[in-house]
Amino acid sequence: MFKQGYNLITDEDFENAIDLNLNVAIIRKGRQVNKGLIRSHNMNVVHVENCTYIKNLCEFMVSL
85 MFKQGYNLIT
95 DEDFENAIDL
105 NLNVAIIRKG
115 RQVNKGLIRS
125 HNMNVVHVEN
135 CTYIKNLCEF
145 MVSL
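Last residue of the sequence shown: 148 in this note's numbering, with the numbers rising by one and none dropped.
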């Protein structure tokens, strides 16, 4: 379904990433700042492992 490098955009993308336990790279200002499993998300933020990221400031990309 998801390939490495796929950008998560929709709520469905984030929910599928959670359900499939996909590793996700968090990219901010063109640099990877973290990588891990998404624990939860809402309209504004994504919780990855023990960190919280603002959705409109980061990209979330499927990673191996």
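We put the beta carbon where it would ideally sit given N, CA and C, even for glycine. Just so we're clear, the structure is a prediction, and the values are computed from it rather than from any experiment.
- Beta-bridge analysis with DSSP links asparagine 107 to Leu121.
- Exclusion of the five residues before and after histidine 125 leaves Phe98 as the residues of its chain whose Cβ lies within less than 6 Å of its Cβ.
- For tyrosine 137, the enclosing beta strand (DSSP E) covers residues 135-138.
- Collapsing the DSSP output to three states places asparagine 100 in a helix.
- For leucine 148, the secondary structure class from DSSP, reduced to helix, strand or coil, is coil.
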